[in-house]
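Numbering (our numbering), first residue to last: 102 to 335.
In this text, a Cβ means the ideal position worked out from N, Cα and C, and glycines have one as well.
Before any comments, here is the structure.
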Amino acid sequence: MTRILVVDDDPHLLRALTIALTAGGHRVTTASDARTALNSAAAAPPDLAVIDLGLPDLDGITVIESLRGWSTAPIIVLSARHDETAKINALDAGADDYVTKPFGMGEFLARIRAALRRATPGDDLPVITTAAFTVDLAAKRVTTASGETRLTPTEWHLLETLVRNPGRLVTQRRLLQEVWGPRYATETNYLRVHLANLRRKLEPCPSRPRYLITEPGIGYRFTPDPPATEDGPA
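Right, dumping it as C-alpha coordinates:
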(Lines of atoms letter the chains of each structure in order from A and count residues from 1; the text may use other names and numbers.)
(Lines give C-alpha, C1' and ligand atoms only; values in the text may rest on other atoms or scores of the structure.)
Protein backbone atom coordinates (compact mmCIF):
# COMPACT_ATOMS: atom_id res chain seq x y z
CA MET A 1 0.00 0.00 0.00
CA THR A 2 1.52 3.30 -1.06
CA ARG A 3 1.70 6.16 1.41
CA ILE A 4 0.48 9.52 0.06
CA LEU A 5 0.88 12.84 1.87
CA VAL A 6 -1.79 15.43 0.98
CA VAL A 7 -1.12 19.02 2.03
CA ASP A 8 -3.94 21.57 1.64
CA ASP A 9 -5.65 24.09 3.93
CA ASP A 10 -9.11 23.41 2.49
CA PRO A 11 -10.73 20.81 4.82
CA HIS A 12 -13.41 19.88 2.29
CA LEU A 13 -10.82 19.15 -0.41
CA LEU A 14 -8.68 17.22 2.06
CA ARG A 15 -11.64 15.04 2.93
CA ALA A 16 -12.58 14.46 -0.73
CA LEU A 17 -9.01 13.54 -1.66
CA THR A 18 -8.65 11.27 1.35
CA ILE A 19 -11.83 9.39 0.44
CA ALA A 20 -10.84 9.03 -3.23
CA LEU A 21 -7.25 7.98 -2.55
CA THR A 22 -8.19 5.57 0.20
CA ALA A 23 -10.76 3.97 -2.12
CA GLY A 24 -7.92 3.57 -4.62
CA GLY A 25 -5.94 1.49 -2.13
CA HIS A 26 -3.57 4.17 -0.82
CA ARG A 27 -2.68 5.05 2.75
CA VAL A 28 -3.32 8.78 3.17
CA THR A 29 -1.76 11.25 5.58
CA THR A 30 -3.06 14.82 5.56
CA ALA A 31 -1.73 18.19 6.71
CA SER A 32 -3.28 21.65 6.54
CA ASP A 33 -0.06 23.65 6.88
CA ALA A 34 3.56 23.40 5.80
CA ARG A 35 5.19 22.70 9.15
CA THR A 36 2.82 19.85 9.94
CA ALA A 37 3.45 18.43 6.47
CA LEU A 38 7.23 18.48 6.86
CA ASN A 39 7.08 16.93 10.32
CA SER A 40 4.74 14.22 9.02
CA ALA A 41 6.98 13.48 6.03
CA ALA A 42 10.04 13.20 8.28
CA ALA A 43 8.25 10.79 10.63
CA ALA A 44 6.79 8.63 7.82
CA PRO A 45 8.34 9.32 4.39
CA PRO A 46 5.63 9.33 1.71
CA ASP A 47 5.75 7.48 -1.60
CA LEU A 48 4.09 10.52 -3.20
CA ALA A 49 3.14 14.01 -2.01
CA VAL A 50 0.28 16.27 -3.13
CA ILE A 51 0.99 19.89 -2.18
CA ASP A 52 -1.07 23.07 -2.39
CA LEU A 53 1.00 26.22 -3.00
CA GLY A 54 -1.22 28.53 -0.93
CA LEU A 55 -0.59 27.31 2.62
CA PRO A 56 -1.25 29.47 5.71
CA ASP A 57 2.24 29.42 7.25
CA LEU A 58 4.75 28.84 4.43
CA ASP A 59 4.48 28.83 0.66
CA GLY A 60 4.12 25.40 -0.91
CA ILE A 61 7.37 26.01 -2.83
CA THR A 62 9.19 25.86 0.51
CA VAL A 63 7.64 22.47 1.23
CA ILE A 64 8.68 21.17 -2.19
CA GLU A 65 12.26 22.39 -1.76
CA SER A 66 12.46 20.92 1.74
CA LEU A 67 11.22 17.51 0.58
CA ARG A 68 13.55 17.55 -2.40
CA GLY A 69 16.47 17.98 -0.02
CA TRP A 70 16.17 14.32 0.95
CA SER A 71 13.34 12.63 -1.00
CA THR A 72 12.87 11.62 -4.64
CA ALA A 73 9.18 10.76 -4.16
CA PRO A 74 6.91 12.23 -6.86
CA ILE A 75 5.38 15.59 -5.98
CA ILE A 76 2.13 16.79 -7.55
CA VAL A 77 1.16 20.42 -7.03
CA LEU A 78 -2.49 21.43 -6.57
CA SER A 79 -3.01 25.15 -6.98
CA ALA A 80 -5.48 27.82 -8.01
CA ARG A 81 -2.58 29.73 -9.57
CA HIS A 82 -2.89 29.41 -13.35
CA ASP A 83 -0.05 31.70 -14.48
CA GLU A 84 2.98 30.26 -16.20
CA THR A 85 5.43 31.73 -13.68
CA ALA A 86 3.82 29.82 -10.81
CA LYS A 87 4.06 26.57 -12.78
CA ILE A 88 7.70 27.14 -13.71
CA ASN A 89 8.64 28.01 -10.12
CA ALA A 90 6.99 24.86 -8.80
CA LEU A 91 8.61 22.63 -11.42
CA ASP A 92 11.99 24.27 -10.91
CA ALA A 93 11.70 23.67 -7.17
CA GLY A 94 11.29 19.94 -7.82
CA ALA A 95 7.61 19.27 -8.50
CA ASP A 96 6.81 16.59 -11.07
CA ASP A 97 3.33 17.69 -12.08
CA TYR A 98 1.06 20.71 -11.71
CA VAL A 99 -2.73 20.46 -11.51
CA THR A 100 -4.83 23.62 -11.41
CA LYS A 101 -8.02 23.96 -9.37
CA PRO A 102 -10.77 23.13 -10.04
CA PHE A 103 -9.89 19.71 -11.42
CA GLY A 104 -11.57 16.45 -12.30
CA MET A 105 -11.03 13.73 -9.70
CA GLY A 106 -10.75 11.02 -12.37
CA GLU A 107 -7.90 12.75 -14.17
CA PHE A 108 -6.20 13.60 -10.88
CA LEU A 109 -6.24 9.94 -9.79
CA ALA A 110 -4.87 8.96 -13.19
CA ARG A 111 -1.98 11.37 -12.64
CA ILE A 112 -1.33 9.79 -9.25
CA ARG A 113 -1.17 6.35 -10.85
CA ALA A 114 1.12 7.59 -13.64
CA ALA A 115 3.49 9.26 -11.19
CA LEU A 116 3.70 6.12 -9.06
CA ARG A 117 4.34 3.96 -12.14
CA ARG A 118 7.22 6.20 -13.18
CA ALA A 119 8.72 5.88 -9.72
CA THR A 120 8.58 2.05 -9.73
CA PRO A 121 11.78 0.24 -10.84
CA GLY A 122 11.67 -2.08 -13.81
CA ASP A 123 13.53 -5.36 -14.36
CA ASP A 124 16.08 -6.69 -16.84
CA LEU A 125 16.71 -3.34 -18.51
CA PRO A 126 19.96 -2.26 -20.11
CA VAL A 127 22.70 0.04 -18.89
CA ILE A 128 23.56 2.99 -21.13
CA THR A 129 27.10 4.28 -20.75
CA THR A 130 28.59 7.53 -22.02
CA ALA A 131 31.88 9.25 -21.25
CA ALA A 132 30.04 11.63 -18.90
CA PHE A 133 27.42 9.46 -17.18
CA THR A 134 25.91 5.98 -16.92
CA VAL A 135 22.18 5.23 -16.85
CA ASP A 136 21.06 1.98 -15.22
CA LEU A 137 17.45 1.60 -16.38
CA ALA A 138 16.67 -1.34 -14.12
CA ALA A 139 17.97 0.30 -10.95
CA LYS A 140 16.72 3.76 -11.98
CA ARG A 141 20.14 5.10 -11.17
CA VAL A 142 22.40 7.63 -12.87
CA THR A 143 26.08 7.97 -12.02
CA THR A 144 28.75 10.43 -13.09
CA ALA A 145 32.43 10.72 -12.24
CA SER A 146 31.34 12.34 -8.95
CA GLY A 147 29.14 9.38 -7.99
CA GLU A 148 25.40 8.75 -8.02
CA THR A 149 23.29 11.68 -9.25
CA ARG A 150 19.83 12.07 -7.79
CA LEU A 151 17.06 12.83 -10.28
CA THR A 152 13.43 13.66 -9.61
CA PRO A 153 10.92 11.11 -10.96
CA THR A 154 10.02 13.45 -13.82
CA GLU A 155 13.68 14.08 -14.71
CA TRP A 156 14.21 10.33 -14.68
CA HIS A 157 11.23 9.63 -16.95
CA LEU A 158 12.39 12.25 -19.46
CA LEU A 159 15.92 10.86 -19.47
CA GLU A 160 14.65 7.28 -19.72
CA THR A 161 12.47 8.14 -22.73
CA LEU A 162 15.38 9.83 -24.51
CA VAL A 163 18.03 7.16 -23.84
CA ARG A 164 15.64 4.43 -24.96
CA ASN A 165 15.64 6.17 -28.36
CA PRO A 166 19.36 6.80 -28.96
CA GLY A 167 20.03 9.11 -31.87
CA ARG A 168 16.33 9.51 -32.66
CA LEU A 169 14.32 12.70 -32.40
CA VAL A 170 11.65 12.54 -29.70
CA THR A 171 9.07 15.25 -30.30
CA GLN A 172 7.97 17.71 -27.65
CA ARG A 173 4.41 16.42 -27.93
CA ARG A 174 5.45 12.81 -27.35
CA LEU A 175 7.55 13.69 -24.31
CA LEU A 176 4.77 15.80 -22.80
CA GLN A 177 2.14 13.13 -23.41
CA GLU A 178 4.29 10.33 -21.99
CA VAL A 179 5.41 12.21 -18.90
CA TRP A 180 2.50 14.54 -18.07
CA GLY A 181 -0.44 13.26 -20.11
CA PRO A 182 -2.37 14.30 -23.23
CA ARG A 183 -3.82 17.48 -21.75
CA TYR A 184 -0.31 18.88 -21.34
CA ALA A 185 0.77 18.38 -24.95
CA THR A 186 1.42 22.10 -25.45
CA GLU A 187 3.14 22.87 -22.14
CA THR A 188 6.62 23.14 -23.65
CA ASN A 189 7.84 25.23 -20.70
CA TYR A 190 7.70 22.00 -18.62
CA LEU A 191 10.28 20.47 -20.94
CA ARG A 192 12.55 23.52 -20.89
CA VAL A 193 12.69 23.55 -17.10
CA HIS A 194 13.35 19.84 -16.61
CA LEU A 195 15.80 19.46 -19.53
CA ALA A 196 17.78 22.41 -18.17
CA ASN A 197 17.94 20.64 -14.79
CA LEU A 198 19.06 17.38 -16.42
CA ARG A 199 21.82 19.18 -18.31
CA ARG A 200 23.07 20.85 -15.15
CA LYS A 201 23.31 17.46 -13.49
CA LEU A 202 24.70 15.37 -16.37
CA GLU A 203 26.31 17.40 -19.15
CA PRO A 204 30.02 18.26 -18.88
CA CYS A 205 29.15 21.73 -20.23
CA PRO A 206 25.40 22.42 -19.72
CA SER A 207 25.45 25.53 -21.91
CA ARG A 208 26.84 23.45 -24.80
CA PRO A 209 25.14 20.07 -24.37
CA ARG A 210 26.79 17.04 -25.89
CA TYR A 211 24.19 14.35 -25.08
CA LEU A 212 20.78 15.98 -24.51
CA ILE A 213 20.28 17.96 -27.69
CA THR A 214 17.48 20.41 -28.48
CA GLU A 215 15.97 20.38 -31.94
CA PRO A 216 14.46 23.90 -31.86
CA GLY A 217 10.69 23.93 -32.06
CA ILE A 218 10.53 20.16 -32.63
CA GLY A 219 11.86 18.10 -29.76
CA TYR A 220 14.94 16.55 -28.17
CA ARG A 221 17.50 13.91 -28.99
CA PHE A 222 19.90 11.75 -26.96
CA THR A 223 23.17 11.42 -28.86
CA PRO A 224 25.32 8.61 -27.44
CA ASP A 225 29.08 8.44 -27.81
CA PRO A 226 30.23 6.91 -31.11
CA PRO A 227 31.33 3.28 -30.80
CA ALA A 228 34.99 2.72 -30.17
CA THR A 229 37.02 1.49 -33.13
CA GLU A 230 40.19 -0.53 -33.26
CA ASP A 231 42.84 -0.13 -35.91
CA GLY A 232 43.43 -3.25 -37.96
CA PRO A 233 46.88 -4.70 -38.59
CA ALA A 234 49.21 -2.53 -40.64
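- Residue state for Leu179 is assigned as strand, using DSSP reduced to three classes.
- DSSP places Gly155 in the coil class of the three-state scheme, outside both helix and strand.
- Secondary structure at Asp148: coil, using DSSP grouped into helix, strand and coil.
- Beta-bridge pairing by DSSP links Ala132 to Val108.
- DSSP places Arg116 in the helix class (H, G or I) of the three-state scheme.
- Nearest in C-alpha terms to Asp326, of all of Leu313, Arg275, Gly195, Leu238, is Leu313.
- The DSSP-derived three-state label of Asp193 is helix.
- In this structure Thr163 touches Ala135 by the C-beta definition: roughly 6 Å separates them, less than 8 Å.
- Ile314 has Arg322 as its beta-bridge partners, per DSSP.
- CA-CA distance, Ala191 to Arg128, rounds to 25 Å.
- Excluding its 5 nearest sequence neighbours in each direction, Leu292 has C-beta neighbours in its own chain below 8 Å: Leu259, Gln273, Leu276, Leu277, Tyr321, listed in chain order.
- The residues Pro175, Pro254, in chain order, have a CB closer than 6 Å to that of Ala220 in the same chain once the five nearest residues on each side in sequence are set aside.
- Here Phe234 really is in contact with Val243; their C-beta atoms are around 6 Å apart, less than 8 Å.
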